[in-house]
Amino acid sequence: MKRSLALLILSASLALGLLSACTQHSPAGPNPGAIVPGEGIAEVQLFDSRQEVEAALGAPPIVSDNPFNKEHVIVQYPQRGLEISYLRDTVGSIVLYSSGLKDGVQWVAYQGSTKEGIWPDSKAATIKTKLGQPYKELPQAYVYNGLWVRLDDEGGVESFSISKDEVSQLESLNI
Numbered sequence: 044m045k046r047s048l049a050l051l052i053l054s055a056s057l058a059l060g061l062l063s064a065c066t067q068h069s070p071a072g073p074n075p076g077a078i079v080p081g082e083g084i085a086e087v088q089l090f091d092s093r094q095e096v097e098a099a100l101g102a103p104p105i106v107s108d109n110p111f112n113k114e115h116v117i118v119q120y121p122q123r124g125l126e127i128s129y130l131r132d133t134v135g136s137i138v139l140y141s142s143g144l145k146d147g148v149q150w151v152a153y154q155g156s157t158k159e160g161i162w163p164d165s166k167a168a169t170i171k172t173k174l175g176q177p178y179k180e181l182p183q184a185y186v187y188n189g190l191w192v193r194l195d196d197e198g199g200v201e202s203f204s205i206s207k208d209e210v211s212q213l214e215s216l217n218i
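To get my numbering, take the position in the sequence shown, counting from 1, and add 43.
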């Protein structure tokens, strides 16, 4: 009886350990290589057409005009952690959010990471450890070529912004 009970406890412990391992992300983050700075993500690339994006992701639940430029439209997929900015129906930038409430909208973290293993739910210290010193370090952001990492007040990542050549844009603005 004691042996059966011990085997039952051992089996249950092993099963829980396996289940836990299967549901946690690897140290490299979920879906390594899905985020490519300066290019896009597994589902969407910079310069894709709006039709291509909607064929891949479906119709966006949130659509709004960009208040700074009337030729821009911003679409959001909070349950995918994804925001896309279009310029004349072409993907101009991709924003990947960490999980949490932002501007009254509940976001799920984007489920992909760079080849180095960073993703929107990474900590700021992890970003610098894995990507090295940023080209530019601002009070609330790290700027790498093709990737702008926006930081929250607790040292975590608020979002990743993917666009072409962030470094050239900063140099042209003298930032």
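Each residue gets a CB set at the ideal place from its N, CA and C atoms; glycine is no exception. Predicted, not measured: the structure shown is a model, and the values here were computed from it.
Return helix, strand or coil for residue i, following the three-state DSSP convention.
i           : result
residue 183 : coil
residue 75  : strand
residue 119 : strand
residue 86  : coil
residue 219 : Residue 219 lies beyond the range of the chain shown here (44 to 218); nothing can be said about it.
residue 129 : strand
Give the straight-line distance between the Cα atoms of residue i and residue j, rounded to the nearest whole angstrom.
i           : j           : result
residue 147 : residue 109 : 18 Å
residue 106 : residue 126 : 10 Å
residue 140 : residue 199 : 11 Å
residue 165 : residue 131 : 33 Å
residue 76  : residue 89  : 16 Å
residue 176 : residue 103 : 35 Å
residue 81  : residue 101 : 23 Å
residue 157 : residue 112 : 30 Å
residue 173 : residue 159 : 6 Å
residue 144 : residue 133 : 28 Å
residue 205 : residue 83  : 6 Å
residue 188 : residue 178 : 7 Å
residue 115 : residue 185 : 25 Å
residue 152 : residue 85  : 15 Å
residue 203 : residue 180 : 14 Å
residue 201 : residue 98  : 27 Å
Would you kindly report the start and end of the unbroken alpha helix (DSSP H) that includes residue i?
i           : result
residue 97  : 93 to 100
residue 172 : 167 to 174
Could you give the residue range of the beta strand (DSSP E) that holds residue i?
i           : result
residue 134 : 133 to 140
residue 145 : 143 to 145
residue 204 : 200 to 205
residue 149 : 148 to 150
residue 162 : Segment: none, residue 162 is in no beta strand (DSSP E) and carries neither H nor E.
residue 107 : 105 to 108
Taking 7 Å as the cut-off, does the CB of residue i come closer than this to any heavy atom belonging to the ligand ZN?
i          : result
residue 73 : This structure does not include the ligand ZN; it has no bound ligands of any sort.
Using CA coordinates, which residue listed in the options is at the minimum distance from residue i?
i           : options               : result
residue 142 : 156, 134 and 122      : 122
residue 78  : 178, 162, 183 and 193 : 162
residue 137 : 192, 185, 171 and 72  : 192
residue 196 : 120, 189, 190 and 183 : 183
residue 207 : 152, 135, 170 and 149 : 135
residue 92  : 129, 119 and 151      : 129
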